[in-house]
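Converting from the sequence shown to this note's numbering requires adding 6 to each position, the first position being numbered 1. Just so it is clear, CB atoms sit at the ideal spot from N, CA and C, and this is done for glycine as well.
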Amino acid sequence: MTSENRYTDYDPWAWLYNQSEAHKSCQQFLPKLEKLLLPHLPEGAKIFDLCCGTGQITQQLLIRGYQVTGLDGSEKMLDYARQNAPNAQFILGDARSFEFPSTFDAVICTDSALNHIMSLEELKSVFSNVYTALKADGLFLFDLGLEKRYRNIPVNEGKLENEYAWTIGETYNPEEKTGTFTITIFQPVSKNSDIKQNSSIVNPLKRLVYNKFLRLIKPSTLLQLIPKDWHPSDITFSAKPYAKAEIETALEAVGFTAVKAYNFKGKLASPQQNKYACFVARKTCQSFRSVENTAKELSASNSYS
Ligand SMILES: C[S@@+](CC[C@H](N)C(=O)[O-])C[C@H]1O[C@@H](n2cnc3c(N)ncnc32)[C@H](O)[C@@H]1O
Numbered sequence: 007m008t009s010e011n012r013y014t015d016y017d018p019w020a021w022l023y024n025q026s027e028a029h030k031s032c033q034q035f036l037p038k039l040e041k042l043l044l045p046h047l048p049e050g051a052k053i054f055d056l057c058c059g060t061g062q063i064t065q066q067l068l069i070r071g072y073q074v075t076g077l078d079g080s081e082k083m084l085d086y087a088r089q090n091a092p093n094a095q096f097i098l099g100d101a102r103s104f105e106f107p108s109t110f111d112a113v114i115c116t117d118s119a120l121n122h123i124m125s126l127e128e129l130k131s132v133f134s135n136v137y138t139a140l141k142a143d144g145l146f147l148f149d150l151g152l153e154k155r156y157r158n159i160p161v162n163e164g165k166l167e168n169e170y171a172w173t174i175g176e177t178y179n180p181e182e183k184t185g186t187f188t189i190t191i192f193q194p195v196s197k198n199s200d201i202k203q204n205s206s207i208v209n210p211l212k213r214l215v216y217n218k219f220l221r222l223i224k225p226s227t228l229l230q231l232i233p234k235d236w237h238p239s240d241i242t243f244s245a246k247p248y249a250k251a252e253i254e255t256a257l258e259a260v261g262f263t264a265v266k267a268y269n270f271k272g273k274l275a276s277p278q279q280n281k282y283a284c285f286v287a288r289k290t291c292q293s294f295r296s297v298e299n300t301a302k303e304l305s306a307s308n309s310y311s
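As structure tokens, this is what we get:
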């Protein structure tokens, strides 16, 4: 893959991601890392934050004493990551094509970043690159939206700020098994299209009522509260959900073992889990794998005798 194929879709959303979604992702993900990954790593372990975005999770890992390297395809997301986690190392690159030597104790990939990988073949390349980057016995933790994750819903989330507002909507095409999500940013725009500073400030009570209550029960009410001179602009991303079983098979195909899937609360996922899963897999060293395979072959031949 050439550098022209680097995934850059987040560039126009970076400033908003940095102050909204990034904090939510960090809050939701840290407890899972603390439960499922960090207790199994040596002190000061080397962690690779794949698709690190704006670096809020990277920074939390640095604070806990880990050495962290982040990689992302979006230059703009990395600009914020460098400010948010100044002591980490950051690399501009693509998850489908990076090549690192086997130096990491763990690789993480959070906030369903791998749903932007649009085919199982490419996802296998990501898994294979991660496998190579891990030391023997290293762990890979990532989360993903599964087949039933996406719906057709015009406004799924939103927020009303003083000088701008945003909504997120999503679509899903079950035949093609692909979805989109669209961020719409509403900003005051003058007739000559320059963004006006403080053109219309939203009443603080309206903001409070929407942001604290309405956004949770009926996010689409935001559309009625937006000042008339705020104009929308859309950023649409493609996303692909995968089945839990196909992820497990793909991980095992590149050599991962001990693959486990967890639910949103970090508890082992049920076999029916079909909306979301957080996977943890281990790079088992070669000699252990051959012992394991021999044991499997022996137990299979015993069951026929
Ligand atoms: C939803 S954000 C998650 C960011 C971060 N992991 C977090 O939890 O806040 C998805 C990130 O994945 C990055 N990304 C998606 N596909 C990528 C690819 N093929 N290569 C590199 N980065 C990619 C995007 O640029 C974006 O920063």
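- Task: Go ahead and pull the three-state DSSP assignment for A264.
- Result: strand
- Message: On a Cα-Cα basis, can you pick out the residue from W236, G144, Y13, L222 that is closest to G261?
- Response: G144
- Message: Considering Cα atoms alone, identify which of Y16, A28, A139, L44 is closest to D78.
- Response: Y16
- Exposure of K183, with buried meaning 16 or more beta-carbon neighbours within 10 Å: exposed
- Of the residues I97, K250, G59, the one placed nearest A20, counting alpha carbons only: When I97, K250, G59 are compared, the shortest CA-CA separation from A20 is found for G59.
- Message: Less than 7 Å separating the Cβ of L123 from some heavy atom of ligand 1?
- Response: Position check: residue 123 holds Ile in this sequence, whereas Leu was assumed. Yes, Cβ of I123 sits closer than 7 Å to a heavy atom of ligand 1.
- Query: Does the segment 62 to 69 come close enough to the segment 87 to 106 that 3 or more CB-CB pairs lie under 8 Å?
  - Reply: yes
- Buried or exposed (CB count within 10 angstroms, at least 16 for buried), D111: Under this definition D111 is a buried residue.
- Evaluate contact between the segment 273 to 290 and the segment 151 to 163, counting only Cβ atoms and requiring at least three cross-stretch pairs below 8 Å. With a cut-off of 8 Å, the segment 151 to 163 and the segment 273 to 290 count as touching, because enough Cβ pairs lie within range.
- Task: Check whether the Cβ atoms of V208 and P233 lie closer than 8 Å to each other.
- Result: When the beta-carbon positions are compared, V208 and P233 come within less than 8 Å of each other.
- Span separating the alpha-carbon of L22 from that of R12: 21 Å
- Item | I53 versus A28: straight-line alpha-carbon distance, rounded | A straight line joining the alpha-carbon of I53 with that of A28 spans about 19 Å.
- Query: In the structure shown, what three-state DSSP assignment does P194 receive?
  - Reply: strand
- Going by the beta-carbon positions, is the gap between K212 and L228 smaller than 8 Å? In this structure, L228 does not lie closer than 8 Å to K212 by Cβ.
- By Cβ distance, which residues of its chain are closer than 6 Å to S239, with the 5 residues on each side in sequence left out? I191
- Item | Three-way DSSP call (helix, strand, coil) for N162 in this model | strand
- Query: Residue ranges of each beta strand (DSSP E) run of no fewer than 3 residues wholly in the segment 82 to 167, ordered along the chain?
  - Reply: Listed in chain order, the complete beta strand (DSSP E) runs (minimum 3 residues) inside the segment 82 to 167 are 95 to 98, 110 to 115, 140 to 151, 159 to 166.
- Task: For the beta strand (DSSP E) containing F219, list its first residue and its last residue.
- Result: No beta strand (DSSP E) contains F219, which DSSP labels as neither H nor E.
- Message: Suppose you measure from the CA of C57 to the CA of K130; what does that come to, to the nearest Å?
- Response: Between C57 and K130, the C-alpha separation is close to 16 Å.
- Quick one: what's got a C-beta closer than 8 Å to L126's C-beta in the same chain, skipping five residues either side? Y248, E252, A256
- For I201, three-class secondary structure by DSSP: Because the pLDDT at I201 is just 47, under 50, the model does not fix this residue reliably, and the value given afterwards should be weighed accordingly. DSSP places I201 in strand when its eight states are reduced to three.
- Message: Between C58 and ligand 1, is there a pair consisting of the residue's CB and a ligand heavy atom that are separated by less than 7 Å?
- Response: yes
- Query: Can you tell which of T173, L84, L39 has its C-alpha closest to the C-alpha of Y72?
  - Reply: L39
- Query: Does the separation of the CB atoms of E105 and N135 fall below 8 Å?
  - Reply: Yes, these two residues count as a Cβ contact at 8 Å.
- Item | Integer Cβ distance of G164 from P210, believed to fall under 8 Å | Their Cβ separation, rounded to whole angstroms, is 17 Å, which puts G164 and P210 out of contact at 8 Å.
- Task: Let me know if T75 comes out buried or exposed under the rule of 16 or more other beta-carbons within 10 Å of its beta-carbon.
- Result: buried
- Query: Within this structure, are the beta carbons of Y268 and A275 separated by less than 8 Å?
  - Reply: yes
- Measuring CB to CB, does P45 end up less than 8 Å from G272? At least 8 Å separates the beta-carbon of P45 from that of G272.
- Between which two residues does the beta strand (DSSP E) harbouring A28 extend? For A28, no beta strand (DSSP E) run applies; the uninterrupted alpha helix (DSSP H) run containing it begins and ends at 27 to 42, by DSSP.
- What alpha helix (DSSP H) runs, 4 residues minimum, are completely inside the segment 228 to 291? 228 to 231, 250 to 260
- Task: Would you check whether ligand 2 has a heavy atom nearer than 7 Å to the C-beta of F35?
- Result: Judged by which ligands are present, ligand 2 is missing from the structure shown, whose ligands are ligand 1.
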